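Notes for the one structure printed next.
Residue numbers (the numbering used here): 689 to 743.
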């Protein structure tokens with residue numbers, strides 16, 4: 689558990705992606721020169737994870 693109680697770190701043997709964005713994990717942004725930049729690309733299209741919504 690982190691200092692403000694909103695994150696739990698688990699060490700796992702991961703198979704596939706874990707983030708709803710199709711990335712390996714949810715920590716795909718980093719602060720660089722005062723801006724947030726993406727440091728990891730999606731490994732799978734999120735539509736493949738959740739399917740297409742039919743309206």
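Every residue, glycine too, gets a C-beta built ideally from N, C-alpha and C.
Here the structure is a predicted model, which is why all the values come from computation and not from measurement.
Please return the same chain residues whose Cβ sits closer than 7 angstroms to the Cβ of residue i, not counting the five positions on each side in sequence.
i           : result
residue 710 : 730, 731, 732, 733, 734, 737
residue 719 : none
residue 728 : 711, 712, 716
For residue i, which three-state DSSP category applies?
i           : result
residue 728 : coil
residue 718 : strand
First and last residue of the alpha helix (DSSP H) that includes residue i?
i           : result
residue 735 : 734-738
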